[in-house]
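Residue numbers (our numbering): 209 to 780.
Written out as structure tokens, the structure is:
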């Protein structure tokens with residue numbers, strides 16, 4: 209997984225202490241860049257060939273610029289991606305344009321330009337690799353997780369105060385952390401695709417930009433199934449490629465993870481297994497359950513038998529110890545205990561099986577439509593022009609409330625957040641109402657999913673990867689017309705259950721049909737799927753809100769205790 213952590217200036221704790229917090233993310237060694245004005249720690253998870261023995265933080269001998277980087281640049285073969293990224297960034301604006309439009313990868317990096325005396329923090333387009341920061345007086349602090357920042361704030365006497373606006377935003381948007389928001393005062397996230405530049409001479413942020421650049425949500429009426437197949441094969445093969453490293457797919461009974469496992473296997477990816485979560489029916493005795501959640505394990509097992517992929521099992525028990533362990537491994541307020549804790553157990557088992565890479569199908573639901581509610585945004589006779597006008601109306605509603613000093617709530621606050629960190633949103637928003645909605649939703653949901661995968665895998669020294677968020681594939685899928693994404697061919701529906709309308713929006717035609725040769729029949733002709741979620745009380749919304757608030761309170765009680773051990777005289 210790797211970790212990058214650091215700060216400017218001198219503080220009462222050392223860079224060794226600061227970097228120690230996230231060492232589990234990089235079990236293959238920690239190195240430091242340490243000068244009076246800037247200190248960086250980088251903990252390495254060694255996955256890529258490194259014949260030149262390049263280590264991070266990496267200093268470019270030509271310019272003196274320094275790069276500390278978490279992630280992977282795909283499609284480079286045996287070329288070292290750290291040096292490649294450093295060379296690209298040394299090109300200035302030209303290099304940034306290459307990251308915006310022509311680079312497939314995931315990253316969270318810190319780049320020190322020695323001549324300009326600036327520090328740039330950047331996250332990949334979808335936020336696969338998280339990056340946090342805070343500005344305390346004249347110091348910038350940054351890290352791959354918020355924990356060192358929290359410890360610094362407690363040590364320096366700032367404490368951990370709840371940011372009530374961000375907490376409200378978290379509560380009103382399915383407990384997803386997205387954009388720059390974080391529910392502790394003073395801590396922010398670099399948003400997906402964010403480029404934030406700190407001036408070391410002025411000790412302040414001087415520019416905020418975004419990698420989405422010239423991308424627009426314009427329906428691509430020239431799309432075709434052959435291109436979807438080609439781009440999906442390329443994306444999944446490149447993201448899953450890692451010579452000599454054991455890797456596993458988080459496999460459920462759904463199309464997304466099945467496609468990853470099938471394409472990877474049939475395109476020569478070695479050292480590949482699948483790890484599936486199993487819920488025990490005896491643990492649910494006496495509780496209301498969603499019985500469909502028990503089907504996922506058997507479907508995944510059958511998939512592995514057909515594809516000849518070793519199938520590994522993790523068991524979920526849902527104990528209080530599991531919830532506490534999940535909270536500490538995650539390190540951020542829990543998105544949803546019913547889904548986060550099961551992921552923790554599956555990741556823990558994958559680590560026990562000595563995997564280095566954990567591959568998830570997250571993002572496909574947002575890019576290809578995969579939720580029943582998605583269908584509400586397209587109906588026969590429902591004109592795109594009307595939907596576009598509704599979208600513009602909601603944006604204007606946000607502006608009016610902000611001008612009057614009112615408080616944005618619910619969906620409006622979420623939209624305003626995304627608009628804020630992508631200033632060119634008016635250029636991005638197109639005429640396709642389905643894709644407009646999906647883009648905003650993707651920037652919120654994917655951020656939360658990726659934070660969960662990254663932090664839980666990092667706690668066990670593994671790297672999380674998400675093939676559907678490959679830049680080339682994801683941008684292509686995003687611009688397939690919404691009407692195509694939501695279509696359900698009548699012939700495919702003939703054998704479905706009587707309540708087939710519940711699957712509207714979940715059919716995922718643009719994956720199910722163009723990629724059908726990779727999908728076993730028992731998955732392709734399946735209707736609604738659920739994935740890794742605790743079956744007990746899964747439909748009880750009030751109960752889930754209650755335990756969500758409980759988890760939030762427990763998290764804040766925990767972080768209040770986090771602090772660096774420093775000499776009292778130095779601290780004062």
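Where a beta carbon is used, it is the ideal one built from N, C-alpha and C, also for glycine.
Bear in mind the structure is a predicted one, so any value in this text is a computation, not a measurement.
Return the residue from the list the options that minimises the CA-CA distance to residue i.
| i | options | result |
| --- | --- | --- |
| residue 697 | 582, 733, 376 and 633 | 733 |
| residue 314 | 282, 304, 295 and 320 | 282 |
| residue 348 | 684, 578, 246 and 752 | 246 |
| residue 566 | 661, 335, 532 and 423 | 661 |
| residue 603 | 578, 576, 631 and 577 | 631 |
| residue 435 | 724, 765, 714 and 681 | 681 |
| residue 384 | 477, 357 and 621 | 621 |
| residue 277 | 528, 496 and 240 | 240 |
| residue 423 | 684, 773, 738 and 503 | 684 |
| residue 518 | 571, 469 and 524 | 469 |
| residue 433 | 725, 769 and 742 | 725 |
| residue 295 | 271, 279 and 280 | 271 |
| residue 328 | 712, 401, 319 and 768 | 319 |
| residue 229 | 643, 496, 399 and 537 | 537 |
| residue 577 | 425, 417, 412 and 694 | 694 |
I'd like the span of the beta strand (DSSP E) that includes residue i, first residue to last.
| i | result |
| --- | --- |
| residue 282 | Taken as a continuous stretch (DSSP letters only), residue 282 belongs to no beta strand (DSSP E), as it is neither H nor E. |
| residue 273 | Element bounds for residue 273: n/a, residue is neither H nor E. |
Which class does residue i belong to by DSSP, given the choice of helix, strand or coil?
| i | result |
| --- | --- |
| residue 525 | coil |
| residue 753 | helix |
| residue 563 | coil |
| residue 723 | coil |
| residue 248 | strand |
| residue 333 | coil |
| residue 470 | helix |
| residue 592 | Annotation note: pLDDT 45 at residue 592 (below 50); position unreliable, no value reported. |
| residue 243 | strand |
| residue 737 | coil |
| residue 778 | Bear in mind that a pLDDT of 45 at residue 778, under 50, signals an unreliable position, so the number given afterwards is only what the model happens to contain. Residue 778 falls in the helix class under three-state DSSP. |
| residue 324 | coil |
| residue 540 | coil |
| residue 480 | strand |
| residue 369 | coil |
In the DSSP output, which residue or residues are listed as bridge partners for residue i?
| i | result |
| --- | --- |
| residue 355 | Answer is none; residue 355 lacks a bridge partner. |
| residue 417 | 403 |
| residue 671 | 565 |
| residue 485 | 522 |
| residue 315 | 279 |
| residue 213 | 249 and 351 |
| residue 267 | 274 |
| residue 412 | 407 |
| residue 396 | 341 |
| residue 235 | 252 |
| residue 744 | 497 |
In the DSSP assignment, find the unbroken alpha helix (DSSP H) run with residue i in it and report its ends.
| i | result |
| --- | --- |
| residue 308 | 301 to 309 |
| residue 713 | Here residue 713 belongs to no alpha helix (DSSP H), and DSSP marks it neither H nor E. |
| residue 653 | 641 to 666 |
| residue 455 | Residue 455 -> not in any alpha helix (DSSP H); beta strand (DSSP E) instead, spanning 455 to 458. |
| residue 434 | 433 to 448 |
| residue 341 | Per DSSP, residue 341 belongs to no alpha helix (DSSP H); it is in the beta strand (DSSP E), 340 to 344. |
| residue 425 | Note, residue 425: premise wrong, no alpha helix (DSSP H); not H, not E. |
| residue 684 | 679 to 686 |
| residue 636 | 633 to 636 |
| residue 290 | 289 to 297 |
| residue 227 | 223 to 228 |
| residue 731 | 729 to 732 |
| residue 260 | Segment: none, residue 260 is in no alpha helix (DSSP H) and carries neither H nor E. |
| residue 505 | 503 to 515 |
| residue 374 | 372 to 380 |
| residue 575 | 572 to 576 |
| residue 692 | 690 to 693 |
Are the segment 302 to 312 and the segment 390 to 400 touching, with three or more C-beta to C-beta distances below 8 Å? no
Would you call the segment 501 to 516 in contact with the segment 617 to 635, where contact means no fewer than 3 C-beta pairs closer than 8 Å? no
Is the segment 558 to 576 in contact with the segment 747 to 761, if contact means three or more CB pairs nearer than 8 Å? no
Examine the Cβ distances between the segment 249 to 261 and the segment 274 to 290 and report whether three or more of them are shorter than 8 Å. yes
Flag this pair as touching only if the segment 340 to 354 and the segment 402 to 412 have three or more C-beta atom pairs under 8 Å; answer yes or no. yes
Should the segment 715 to 731 be regarded as contacting the segment 451 to 459, the criterion being three or more beta carbon pairs within less than 8 Å? no
Segment contact, 8 Å Cβ cut-off, at least three pairs: the segment 743 to 753 with the segment 549 to 561: no
Taking 8 Å as the threshold, find out whether the segment 652 to 672 comes into contact with the segment 547 to 555 through three or more Cβ pairs. yes
With a cut-off of 8 Å, do at least 3 Cβ pairs link the segment 758 to 776 to the segment 356 to 372? yes
Please determine if the segment 481 to 492 and the segment 529 to 539 are in contact, where contact requires at least 3 C-beta pairs separated by less than 8 Å. no
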